[in-house]
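Novice: Residue numbers (numbering that gives the first Met the number 0), protein chains in the order written: chain G, 0 to 310; chain L, 0 to 364.
Just so it is clear, CB atoms sit at the ideal spot from N, CA and C, and this is done for glycine as well.
What you are looking at is a predicted structure, and each value in this text was computed from that prediction instead of being measured.
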Amino acid sequence: MTAPAADPSAAEGPGGPPTPASGGPWSAAASARRGRRDHRTLRVRTSVVLGVALALAVLLVPLLVPLDQQAVDLANKLRPPSWEHPFGTDDVGRDVLLRCVYGLRVSLLVGLVAALAASVLGVCVGALAASLGGSVDRLVMRVVDGISSVPHLLLGVFIVAMFRPGVWPVILSVGLTHWVSTARIVRAEIHSLRSRPYIDAAVSGGASRWRVTVRHLVPGVWPQAALAAVLMVPHAIWHESALSFLGLGIPPHQASLGTMTEAARGSLLAGDWWPTLFPGLFIIVPTLVIAGLAGAWRERINPRRRSELML
Amino acid sequence: MTAPTPGVPLTKAAPDGATAPTGDGPQPGGAARAPRAALPWRPMAGLAGRRLLAAVPVLAAVTLGLFALAAASPFDPVKQYAGDAALRADAATLAQLRENLGVDVHFTEQWWRWLTSALGGDLGDSSTLRQPVAQVVTERIGWSVLLCAVAFVLAVVIGALLGVAAARRRGGLLDRCVTATAYVLQAAPPFWLGLLAVWLFALQLGVLPAGGLTDTDSDTVTAGSLLRHLALPAAVLALSQTPWFVLYVRQGVLDALGEDPVRGARARGLKEHTVLYGHALRSGLLPVLTLIGSRVPELITGALLVETVFSWPGIASATVRAATASDFPLLAALTVLATLAVLLGNLMADLLYGLADPRVALEEM
Chain G
0 MTAPAADPSA AEGPGGPPTP ASGGPWSAAA SARRGRRDHR TLRVRTSVVL
50 GVALALAVLL VPLLVPLDQQ AVDLANKLRP PSWEHPFGTD DVGRDVLLRC
100 VYGLRVSLLV GLVAALAASV LGVCVGALAA SLGGSVDRLV MRVVDGISSV
150 PHLLLGVFIV AMFRPGVWPV ILSVGLTHWV STARIVRAEI HSLRSRPYID
200 AAVSGGASRW RVTVRHLVPG VWPQAALAAV LMVPHAIWHE SALSFLGLGI
250 PPHQASLGTM TEAARGSLLA GDWWPTLFPG LFIIVPTLVI AGLAGAWRER
300 INPRRRSELM L
Chain L
0 MTAPTPGVPL TKAAPDGATA PTGDGPQPGG AARAPRAALP WRPMAGLAGR
50 RLLAAVPVLA AVTLGLFALA AASPFDPVKQ YAGDAALRAD AATLAQLREN
100 LGVDVHFTEQ WWRWLTSALG GDLGDSSTLR QPVAQVVTER IGWSVLLCAV
150 AFVLAVVIGA LLGVAAARRR GGLLDRCVTA TAYVLQAAPP FWLGLLAVWL
200 FALQLGVLPA GGLTDTDSDT VTAGSLLRHL ALPAAVLALS QTPWFVLYVR
250 QGVLDALGED PVRGARARGL KEHTVLYGHA LRSGLLPVLT LIGSRVPELI
300 TGALLVETVF SWPGIASATV RAATASDFPL LAALTVLATL AVLLGNLMAD
350 LLYGLADPRV ALEEM
C-alpha cells in the first residue's frame, strides 16, 4: 500500500479495459506478465458476470417466476434434463433448477448471516485482545487455539446436535466456530499497526485506549477483516450444506443445497445423476465466484500474497 | 536490474547446506549437515513433552466448553437416554434414572466427574449404540485411521507430483489445467464428490463397490475385499485433500525456483529432474510441512462426510448417528478424540519441520 507503482493490478477495475503494462512493455517477461494479467482480468470478469447472474436469479426468481418449488408432480418424476426442465426433475417431480435457485437462496442467507456474525465476533475479540494486551491477550489467544484445535464441522455437529437442527442452530454453529481465524488476523494486523507513528501521535495527543482502538486501530484493519468476512461466506455455505447433508442442518423439506443432495441419494443409487450433480455445481460456482472476486480484491489491497486462496 | 542479484547469494544463507555457496569455505555446509546424521532424539522428546503438557489445559477447556454447551441444550438427557421407554416410564423410574445419570448437578461438577472417570478409561455409555463409549471407539477407530492415513498419503504424494509438474512451466497448459481443477475440486463438497464417484464407478462402470466394508454375501473382512471397498472412499477423501497440497507445493516450488540454491544447481549443470525434485521440491515442501498439521481438522471433516456417503464403519459415521440422537457421552468423547488428533498433527508437523530444516531449533518451538 505504500508503493502504489509496484502493484500493476491495482490499475485495472473489474469491468474496465486492461491498462497498458507499466515498465519495459517490450521484453519477453513483460509480455508473459501481460498474458497472465489478461488471464486474471478474464477471471475477474467471468466472476462478475456469473456473480451478477446468480444474485439476480436468487433475488428475482422468487418474485417473478410464478412456479412453486415445492409443487409435486409425480407424473413427471425423474425426468432427465430437457428444455422444459433444464436440470431435470427429482424423485417427486419437482424442478431441480428451481429448487437449486431456492436452495442457493437459503444457503446464501445462512452463509451471509453466519459470516457476518462470525466476523463481528472475530473483530471484537481480536481488537480487544490486541489493544488490551498482556494477560487478557494471552488468555484470549489460548481460547482461540483451543477452539481452532477442534475440527469445525465436528464442533458444528455437536452444537446442532445439542440444539435442534434448523436455520438458527446452523448459523450459530458456523458463527461460533469460524470467528477464530478473523480474530487471529485482526489481532496480528493491530499488533503491526500499534507501532505506527499515527498511533503514537494519537496516544501522545491524550487519546484513551478505547478511543485509539475504535477510532484508529479498527478502521485500519477493516480491509483485511472485510476480506476475511467475504472469504468466509463460501466457507459458511459449505458448512451449512455439509450439516444439511448429514441431516443435521436445514429441515429436509426445505430446499437447501445440502438437503437436496441428501434427498437425491436414493435416485442416484437408481442411476439418475441429475438431482445430485446440479446442487453440487450450485455450491461450486458461487464459491469460485466469491473466491475470484476476493482474490482480485486481495491483490489490490495486498499485492504480495496472491497465491493462497482461503477456501 | 541484473547487477544487484548475483551479489545476494554471498550474504544470504542458503536454505539447505548441500547447495550452499562454497565461497566461504566448507564450514557453513559442514555445520548444517552435521545434525542431520543422527535424529535429534532429545530435542524431539523435549518438544513432544512440552506439547503434551500444553495439551492438558486445552483438552480440559474443550471438554468444559462441551459440557457448558450441553447444559444450555434444551434436550433432557434422561429422556434422550431412555429413548422410547421414557414415554411409558412412570415418574419414579425417571427420577431414579435421573439420579443414576447424575445430570441434576451443575455442569462443572458433571464435567469433573466425567473427567475423573475418563482418566480411568470409563467414558460413559452411548445411548444410541447401547455400548460403552470406550468400546465404540476401540472397535471403530482402526477403520477411520486406515481410511484417513491412506487418503492422506495419497493426497501428499499426488499433490507433490502434480505441484512440481505444474510449477515446472508457469502459466503453461498443464499448469493452468492443474490449477483450475484444483480450485474447482477445492470448492466441491466431499460428499458430492463421493456420490458422483459412486454413480460413476459403482453404478455405471460397476468396477468398485458402492460402500460398506464387505460384500453383502459375506461378513468376514479379507484383504482383497477390504482393498476394493477402501478404494473409492480413500480416493474421494484424497481427492478432496489434494487441491490444497497441489496449490501449496506449486507455490513453494515456484518460489524456490527463483531462489539461489536452484540457480546454483542449474549453474552446476545438474539435470532438470534433479533440480526440480532434489532442490526445488525439497525447499518448496518446507512451508507445506508446517501447514500439514493444520490439515488434520480438514481431514477429519472430510472423513466425517466420506464415511457417511460410503457407510464406512468408522468413527465418523458413529458421530453422525450420535449427533442425530443427541448422544452426549459419545459425541463428547469423539470430539475430544478429534481434538487430540489435531494436536498430535500439529506436533508431527513441527517435528517434521525441525528435522527437514536444519535452521529450525526444536528447542525453541
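Would you call residue 99 of chain G buried or exposed, if buried means 16 or more other Cβ atoms sit within 10 Å of its Cβ?
Specialist: Per the 10 Å Cβ criterion, buried.
Novice: Quick check on the DSSP output: what are the complete alpha helix (DSSP H) runs of length 4 or more inside the segment 191-247 of chain G, in order along the chain?
Specialist: Those alpha helix (DSSP H) runs which fall completely within the segment 191-247 of chain G and span 4+ residues are 196-203, 217-244.
Novice: Are residue 118 of chain G and residue 187 of chain G close, meaning C-beta to C-beta below 8 Å?
Specialist: No, the pair does not count as a contact, with Cβ atoms beyond the cut-off.
Novice: So, at 7 Å on beta carbons, what are the nonlocal neighbours of residue 42 of chain L in its own chain, with the 5 sequence-adjacent residues on each side left out?
Specialist: If we look at residue 42 of chain L and ignore the five residues flanking it on each side, its Cβ neighbours are 361, 362.
Novice: Which of the residues in the segment 164-185 of chain L, read from start to end, lie with their CB under 7 Å from any CB of chain G?
Specialist: Within the segment 164-185 of chain L, the qualifying residues are 170, 182, 183, 185.
Novice: On the CB-based measure, 16 or more other CB atoms within 10 Å of its CB, does residue 72 of chain G come out buried or exposed?
Specialist: Label assigned to residue 72 of chain G: exposed.
Novice: Can the beta-carbon of residue 233 of chain G be found less than 8 Å from the beta-carbon of residue 158 of chain G?
Specialist: Contact flag unset, no.
Novice: Note down, in chain order, each residue of its chain lying with its Cβ closer than 6 Å to the Cβ of residue 87 of chain G, except the 5 sequence neighbours on either side.
Specialist: These residues qualify, in order along the chain: 78, 79, 80, 95, 273.
Novice: For residue 26 of chain L, which residues in the same chain have their Cβ closer than 7 Å to its Cβ, ignoring the five residues on either side in sequence?
Specialist: In this predicted model, residue 26 of chain L has a pLDDT of only 42, less than 50, meaning its place in the structure is not dependable; the value taken from the coordinates is given anyway. Excluding positions up to five away in sequence, the list is empty.
Novice: Tell me the rounded alpha-carbon separation between residue 260 of chain L and residue 60 of chain L.
Specialist: Computed Cα separation, rounded: 45 Å.
Novice: Shorter than 8 Å from the beta carbon of residue 69 of chain L to some beta carbon of chain G?
Specialist: At least one chain G Cβ lies under 8 Å of residue 69 of chain L.
Novice: Could you check which residue in L/300, L/312, L/250 has the C-alpha nearest to that of residue 284 of chain L?
Specialist: Closest option to residue 284 of chain L, Cα to Cα, is L/250.
Novice: Is it buried or exposed, residue 136 of chain L, if we count other Cβ atoms within 10 angstroms and call 16 or more buried?
Specialist: So residue 136 of chain L ends up on the buried side.
Novice: So, residue 125 of chain L versus residue 321 of chain L, is the Cβ gap smaller than 8 Å?
Specialist: Closer than 8 Å, so yes.
Novice: Between the segment 142-155 of chain G and the segment 328-346 of chain L, do three or more beta carbon pairs fall short of 8 Å?
Specialist: Yes, the segment 142-155 of chain G touches the segment 328-346 of chain L.
Novice: Would DSSP call residue 323 of chain L helix, strand or coil?
Specialist: DSSP places residue 323 of chain L in helix when its eight states are reduced to three.
Novice: Considering just the uninterrupted stretch of the alpha helix (DSSP H) at residue 239 of chain L, what are its terminal residues?
Specialist: Looking at the DSSP string, the run of the alpha helix (DSSP H) that includes residue 239 of chain L is 222-256.
Novice: Within the segment 107-180 of chain G, note down every full alpha helix (DSSP H) run reaching 4 residues or more, in order along the chain.
Specialist: For the segment 107-180 of chain G, whole alpha helix (DSSP H) runs of length 4 or above, ordered along the chain, are 133-147, 151-161.
Novice: Pair every Cβ in the segment 265-274 of chain L with every Cβ in the segment 126-133 of chain L, then say whether three or more of these pairs are closer than 8 Å.
Specialist: No, the segment 265-274 of chain L does not touch the segment 126-133 of chain L.
Novice: With DSSP run on the structure shown, which of helix, strand or coil describes residue 295 of chain G?
Specialist: Of the three classes helix, strand and coil, the one that applies to residue 295 of chain G here is helix, per DSSP.
Novice: Exposed or buried, what is residue 83 of chain G when buried is set at 16 or more other beta-carbons lying within 10 Å of its beta-carbon?
Specialist: With fewer than 16 Cβ atoms within 10 Å of its Cβ, residue 83 of chain G is classed as exposed.
Novice: Report the three-state DSSP secondary structure of residue 115 of chain L (helix, strand or coil).
Specialist: Residue state, collapsed to three classes: helix.
Novice: Can you pull the DSSP bridge partners for residue 72 of chain L?
Specialist: Its beta-bridge partners do not exist; DSSP assigns none.
Novice: Which residues in chain G have a C-beta closer than 9 Å to the C-beta of residue 296 of chain L? List them in chain order.
Specialist: Within chain G, the residues near residue 296 of chain L are 147, 148, 149, 150, 151, 152, 153.
Novice: Do the CB positions of residue 193 of chain L and residue 235 of chain L come within less than 8 Å of each other?
Specialist: Yes; because the gap between Cβ atoms is below 8 Å, this pair is in contact.
Novice: Ordered along the chain, which non-local residues of its own chain (more than five positions away) have a Cβ less than 6 Å from that of residue 110 of chain G?
Specialist: Counting only Cβ-Cβ distances below 6 Å, and skipping sequence neighbours, we find 232, 235, 236.
Novice: Compute the beta-carbon to beta-carbon distance between residue 110 of chain L and residue 66 of chain L, rounded to the nearest angstrom, for a pair I have assumed lies under 8 Å.
Specialist: Correct: roughly 4 Å between the Cβ atoms.
Novice: Am I right that residue 207 of chain L and residue 231 of chain L are in contact with their C-beta atoms under 8 Å? What's the rounded C-beta distance?
Specialist: The Cβ separation is near 5 Å, so the contact holds.
Novice: By how many angstroms is the C-alpha of residue 293 of chain L removed from the C-alpha of residue 281 of chain L?
Specialist: The straight-line gap from Cα to Cα measures roughly 20 Å.
Novice: With DSSP collapsed to three states, give me the class of residue 259 of chain L.
Specialist: Helix.
Novice: Just checking my contact of residue 153 of chain L with residue 164 of chain L at CB under 8 Å: how many whole Å lie between their CB atoms?
Specialist: Residue 153 of chain L to residue 164 of chain L, Cβ: 16 Å. No contact.
Novice: Could you tell me if residue 197 of chain G is buried or exposed, where buried requires 16 or more neighbouring beta carbons within 10 angstroms of its beta carbon?
Specialist: The residue in question, residue 197 of chain G, is exposed, as its Cβ has fewer than 16 Cβ neighbours within 10 Å.
Novice: Decide if residue 240 of chain L is buried, meaning its Cβ has at least 16 other Cβ atoms within 10 Å, or exposed.
Specialist: The residue in question, residue 240 of chain L, is buried, as its Cβ has 16 or more Cβ neighbours within 10 Å.
Novice: Less than 8 Å separating the beta-carbons of residue 216 of chain G and residue 130 of chain G?
Specialist: Against a cut-off of 8 Å, the Cβ pair of residue 130 of chain G and residue 216 of chain G comes out as a contact.
Novice: Determine the extent of the alpha helix (DSSP H) in which residue 193 of chain L is found, giving its start and end residues.
Specialist: Start and end: 189-196.
Novice: Give every residue of the same chain whose Cβ lies closer than 6 Å to the Cβ of residue 166 of chain L, excluding the five residues on either side of it in the sequence, and list them in chain order.
Specialist: If we look at residue 166 of chain L and ignore the five residues flanking it on each side, its Cβ neighbours are 249, 252, 253.
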